[in-house]
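Structure first, then comments.
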Amino acid sequence: MKLTKIEKKQLLIFVIIAYGITYLLGVLMGYSYSAGKDVSVFPNAQMLYPAAGVMLAYLITRKTDSNMPRRFFVSYLIATALMILCAICSVTGIGGNWLLICQFILIGGSIVCGILLLTDKKERRSRYGLRGKNAKLSVFCILLFVVLYILRTAISYGVSGQLWMLGEIAVNPLTWVMLISILVNFFFAFIAFFGEEYGWRYYLQPLLEKRFGKRAGVLLLGVVWGLWHMPVNFFYYTNPADGIISMAGQQITCITLGIFFAYAYMKTENIWVPVILHFLNNNLVPVISGSYSASVIQDQSVSWAMLVPALILNGGIFGGFLFSRVFRKEEIKA
Numbered sequence: 040m041k042l043t044k045i046e047k048k049q050l051l052i053f054v055i056i057a058y059g060i061t062y063l064l065g066v067l068m069g070y071s072y073s074a075g076k077d078v079s080v081f082p083n084a085q086m087l088y089p090a091a092g093v094m095l096a097y098l099i100t101r102k103t104d105s106n107m108p109r110r111f112f113v114s115y116l117i118a119t120a121l122m123i124l125c126a127i128c129s130v131t132g133i134g135g136n137w138l139l140i141c142q143f144i145l146i147g148g149s150i151v152c153g154i155l156l157l158t159d160k161k162e163r164r165s166r167y168g169l170r171g172k173n174a175k176l177s178v179f180c181i182l183l184f185v186v187l188y189i190l191r192t193a194i195s196y197g198v199s200g201q202l203w204m205l206g207e208i209a210v211n212p213l214t215w216v217m218l219i220s221i222l223v224n225f226f227f228a229f230i231a232f233f234g235e236e237y238g239w240r241y242y243l244q245p246l247l248e249k250r251f252g253k254r255a256g257v258l259l260l261g262v263v264w265g266l267w268h269m270p271v272n273f274f275y276y277t278n279p280a281d282g283i284i285s286m287a288g289q290q291i292t293c294i295t296l297g298i299f300f301a302y303a304y305m306k307t308e309n310i311w312v313p314v315i316l317h318f319l320n321n322n323l324v325p326v327i328s329g330s331y332s333a334s335v336i337q338d339q340s341v342s343w344a345m346l347v348p349a350l351i352l353n354g355g356i357f358g359g360f361l362f363s364r365v366f367r368k369e370e371i372k373a
């Protein structure tokens, strides 16, 4: 099915914000990286762009809609603008601990947006996919992801002959302190993960399903989601020399995880489920790696040889959900 005129306009606005700002600031990020400057603020800001693109598209094309949660949207856009400013200032030589300021913006933005969202009318939250639903199914999908995440970790450690390390991590008291703090921290950092999932799962996934069908649409979403990470692949996760390898690995991650996130979203019709899954996926890395530091995802050493095991492991554990029942129901073809 073809997109309507309004849908095309919304999509154009979304692409300009989600990809345009990402790649434009990616140029600044690359220049700053080559100059030896800290670019840690850029990935934090980038996570907010997809949802900002959706919100701006709705604010422009649905001006007369009285059921739009405008307070929430405007507050989120202000937080996004402040994060962009913070990223630019962090590499221009202007004084200040911009990484710390960035964290305060995320915390303050999450608190303000959370309050505005919870105090808004249910009709508004429902109309724009912001209201939680299907509690039991939602809990099931979250627990299933945690089990699969642990299984993937155990297999990875086992194959490398380091299963004993997983045991050491499990009995380390710091592990449990970190896990508890992760649960609490979600409420003070949710806008970043909401930023991606409201853009990818809530907005873009249905459009791609409408045009290409469920399976092809979700696979294509994984590809475009992966390409969106290009600046952080080259200048944050690793170095420019290994950027192509990092991008290939990103495709594996985004396509396979995207399948499970799509499965969970279609199963529950609750956008907060993939938001939580995304949060857990990112924030459990310091714990399962045993480093207990978020810096573990920065300046990684990667090689082509690492991609085959990653493809097999992620594809086997998460990719299989592409053949689940939710992908077969009401298949839409172009």
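Sequence positions in the sequence shown follow the numbering used here and run 40 to 373. For glycine and all other residues, C-beta sits at the position ideal for the given N, C-alpha and C. Quantities reported herein were computed from a predicted structural model and do not represent experimental measurements.
Three or more beta-carbon pairs separated by less than 8 Å are not found between the segment 128-144 and the segment 270-279, which leaves the two stretches without contact. When secondary structure is reduced to three states using DSSP, T292 falls in the helix class. CA-CA distance, G354 to F112, rounds to 36 Å. For N272, the enclosing alpha helix (DSSP H) has its first and last residue at M269 to F274.
Your pair M122 and A84 checks out as a contact, with CB atoms roughly 4 Å apart and the cut at 8 Å.
In this chain, the alpha helix (DSSP H) harbouring A174 covers A174 to V198.
For the 8 Å CB-CB criterion, G265 and I294 form a contact. One thing to note: Q290 has its Cβ no nearer than 8 Å to the Cβ of V263.
By the Cβ-count criterion, W203 is exposed, with fewer than 16 other Cβ atoms from all chains shown falling within 10 Å of its own Cβ.
Cα atoms of R170 and R254: separation of roughly 26 Å, rounded to the nearest angstrom.
Going by C-alpha positions, L98 is about 20 Å away from M86. Put simply, the segment 329-336 touches the segment 203-216. At least three CB pairs are less than 8 Å apart. Closest in alpha carbon position to S342, among P313, S285, G359 and V335, is S285.
Rounded to the nearest angstrom, the gap between the Cα atoms of Y237 and I310 is 7 Å. Taking 8 Å as the cut-off, the Cβ atoms of I298 and G358 count as close. W215 and K47 have their C-alpha atoms spaced approximately 47 Å apart. A direct Cα-Cα distance of roughly 23 Å separates S165 from T119.
Residue state for M86 is assigned as coil, using DSSP reduced to three classes. DSSP, read as helix, strand or coil, puts P108 in coil.
With a cut-off of 8 Å on Cβ pairs, the segment 103-110 is not in contact with the segment 63-74, counting fewer than three such pairs. Here V324 really is in contact with I336; their C-beta atoms are around 6 Å apart, less than 8 Å. In its chain, beyond the 5 residues on either side, G282, S285, M286 and Q289 have a beta carbon closer than 6 Å to the beta carbon of N272. Under the rule that a run must span 4 or more residues, the alpha helix (DSSP H) segments found entirely inside the segment 316-359 read 324-327 and 346-356. The residue among S195, M94, L346 and L222 with its C-alpha nearest the C-alpha of I181 is L222. In this chain, the alpha helix (DSSP H) harbouring M217 covers P212 to N224. If you draw a straight line from the Cα of L124 to the Cα of I230, it comes to about 17 Å.
Secondary structure of Y167 (DSSP, three-state): coil. Of L319, R250 and L183, the smallest CA-CA separation from K306 is found for L183.
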